[in-house]
Amino acid sequence: MASWQSKFVKMSFRWQRFRGQGQLGADIEAERERFGRQLARLKPPEEVAFSETKAGDRPALWVVPPDIRREGVVLFLHGGAYLIGSIQGYRALAAAIAMSAGMRALILDYRLAPEHPFPAAVEDAQAAYQWLLAEGHKPQQIVVAGDSAGGGLTL
């Protein structure tokens, strides 16, 4: 069953489409800002800690739940059609995943199109995975997860 947050975001997207605002046009920065404002309405739990880092040469955000029960890390790749979305916008979803998994999560700020065309996002996701390995995480301790476009990057 979908959460109220999921229903809210879905309804917001439909309303924007109805008003003619849901189309990505020439002003991609305005679309990114609008999408970020929508996602900012979803607040992560207060007990989850966040800290900025770099995964290779890309910005990333550690998501640390209060009760870590497992070794390892969730490498979380945000959604947004490879055009929009950010590590800040997906804090709430990544926090929920980290809490459910009982392990830390790392949200990667992969490069977005159209400024960085394919395969930039794929290369960034691969580099983040390699960075986690270099940091001492074993392959069997890394869970790769994503939402929408980020789900495509998991493959």
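The sequence shown finishes on residue 284 if you use our numbering, and the numbering steps up by one all the way, no holes. For every residue, glycine included, the Cβ atom is placed at its ideal position computed from N, Cα and C. Here the structure is a predicted model, which means the values were calculated and not measured.
Opening and closing residue of the beta strand (DSSP E) in which G280 lies: Where G280 is concerned, there is no enclosing beta strand (DSSP E), although the alpha helix (DSSP H) it sits in stretches over 278-283.
Near the ligand NAP: E200 beta-carbon under 6 Å from a heavy atom: Ligands displayed in this structure: none; no statement on the ligand NAP is therefore possible.
Interface flag, E244 vs chain B, CB-CB below 7 Å: Looking for chain B here will not work: only one protein chain is present.
Candidates K267, L204, I271, P188, of which the one nearest A224 by Cα: The residue among K267, L204, I271, P188 with its C-alpha nearest the C-alpha of A224 is L204.
Cβ pair count under 8 Å reaching 3, the stretch 214-221 against the stretch 243-259: The stretch 214-221, when compared against the stretch 243-259, does not touch it at the 8 Å Cβ threshold.
Beta-carbon contacts of L168 that lie in its chain and below 6 Å, excluding the five residues immediately before and after: Beyond the five residues adjoining it in sequence on each side, L168 comes within less than 6 Å, by CB distance, of G218 in the same chain, given in chain order.
Neighbourhood of Q270 by C-beta distance below 6 Å, restricted to the same chain and skipping five residues each side: Same-chain partners within the cutoff: E200, G201.
For I236, the three-state DSSP class (helix, strand or coil): Looking at I236 - three-state DSSP - the assignment turns out to be strand.
Through-space distance from D276 to E181, alpha-carbon basis: Whole-angstrom Cα-Cα distance: 20 Å.
Whole-number beta carbon distance between Y239 and R187, since they are thought to touch under 8 Å: Correct: roughly 6 Å between the Cβ atoms.
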